[in-house]
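Residue numbers for the sequence shown follow the numbering used here, so the first one is 147 and each next one is one higher.
For each residue, glycine too, the CB sits at the ideal point set by N, CA and C.
On a predicted model such as this, the values are computed, not experimentally measured, just so you know.
Data block below; observations after.
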Amino acid sequence: MENKYESAVASLLKLGGYKASPKNKKWMEHSIKVRAISLMAYSPNYSKEQAVNCIIQTTQEAFNIDEFKKYYDDNLS
């Protein structure tokens, strides 16, 4: 699963136009993990892999929404 996080983080940072710096990678990986855990808590039918995939897809879509893009801009460089 760690490789999935690493590749997802790299892809999301690139898609969002952010640097693949260690700080950004750590922030994005933490964000994905925490949101996946929350999703599994609220939707117990999700496996860890399903939750991570859902969070990755949601994050990709969020880059197209100004309010969410600003959130990422405020936390990533």
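The alpha helix (DSSP H) with residue i in it runs from where to where?
i      : result
Ser167 : Counting along the chain, Ser167 falls outside any alpha helix (DSSP H), and DSSP gives it neither H nor E.
Tyr218 : Asp212 to Asn221
Phe199 : Reading the sequence as shown, one finds Asn at residue 199 and not Phe. Lys194 to Ala208 is the span of the alpha helix (DSSP H), which, as asked, contains Asn199.
Please classify residue i as buried or exposed, where buried requires at least 16 neighbouring CB atoms within 10 angstroms.
i      : result
Ile178 : buried
Leu161 : exposed
Ala182 : buried
Contact check, residue i vs residue j under 8 Å by CB: the rounded distance?
i      : j      : result
Tyr151 : Leu222 : Actually they are not in contact, since the Cβ atoms of Tyr151 and Leu222 sit about 16 Å apart, beyond 8 Å.
Met174 : Val155 : 5 Å
Less than 8 Å between the beta carbons of residue i and residue j, yes or no?
i      : j      : result
Leu159 : Asn170 : yes
Tyr192 : Cys200 : yes
Lys215 : Phe209 : yes
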